[in-house]
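Asker:
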Amino acid sequence: TTASKPFTRAFNTDGTDLLRLELPGEVDLRVWDSPSVRFEISVSLPTGNGPMLNELANIGRYNLMSKTDANVLVINAPNMQKQLKVKGQDLKENLIFVVYVPKKMEVQITPPIVALAEVKK
Numbered sequence: 020t021t022a023s024k025p026f027t028r029a030f031n032t033d034g035t036d037l038l039r040l041e042l043p044g045e046v047d048l049r050v051w052d053s054p055s056v057r058f059e060i061s062v063s064l065p066t067g068n069g070p071m072l073n074e075l076a077n078i079g080r081y082n083l084m085s086k087t088d089a090n091v092l093v094i095n096a097p098n099m100q101k102q103l104k105v106k107g108q109d110l111k112e113n114l115i116f117v118v119y120v121p122k123k124m125e126v127q128i129t130p131p132i133v134a135l136a137e138v139k140k
């Protein structure tokens, strides 16, 4: 069974003209007349269940964070940078971000930065 759940989130774009998205998953951009950026996030767990997905949501796994750097609004998902394991197996998560962007805003999509560390003995 696949567990799935939608989430929504909006961000104010005051004083910014570039949106940088650093998101782990598929991004579907749409333009709209509103001055804010709106996210519709669809999460599915092909190997998970509803209670597991709810628990991941409750602990903030799918929270988006924003920061403004000069005229750039940066949106990322910092809690998604760690790979989770369930019963010793990597948890598969399918994420689709539908992003509604104001007409005059420029968008840059960059892959999220994932820190990989290797321990040598």
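In the working numbering, the protein residues as written are 20 to 140. Cβ coordinates follow ideal geometry from the N, Cα and C atoms, glycine included.
(1) May I ask which residues mark the beginning and end of the beta strand (DSSP E) holding Glu-7?
(2) Taking its Cβ as the centre, do 16 or more other Cβ atoms sit within 10 Å of Thr-129, making it buried, or is it exposed?
(3) My output table needs one value for Leu-75: the three-state DSSP class, helix, strand or coil.
(4) With H, G and I counted as helix, E and B as strand and the rest as coil, what does DSSP make of Met-124?
(5) Taking Cβ positions, are Arg-49 and Val-118 nearer each other than 8 Å?
(6) Rounded to whole angstroms, what is the Cα-Cα separation between Lys-111 and Asn-77?
(7) State the DSSP-derived secondary structure class of Pro-25, mapped to helix, strand or coil.
(8) Are there 16 or more other CB atoms within 10 angstroms of the CB of Gly-67, so buried, or fewer, so exposed?
(9) Residues in the same chain with beta-carbon distance under 7 Å from Pro-54, minus the five sequence neighbours each way, listed in chain order, please.
Answerer: This is what the structure holds:
(1) Nothing about residue 7 can be read from this structure; the chain reaches only from 20 to 140.
(2) Exposed is the call here.
(3) It is helical.
(4) The three-state secondary structure of Met-124, taken from DSSP, is coil.
(5) Their beta carbons are under 8 Å apart, which means Arg-49 touches Val-118 by this criterion.
(6) In a straight line, the C-alpha of Lys-111 is about 18 Å away from that of Asn-77.
(7) If DSSP states are grouped into helix, strand and coil, Pro-25 belongs with the strands.
(8) Around the beta carbon of Gly-67, a 10 Å sphere encloses 16 or more other beta carbons of the protein chains shown; the residue is thus reported as buried.
(9) Cβ neighbours of Pro-54 beyond the five flanking positions: Thr-32, Pro-121.
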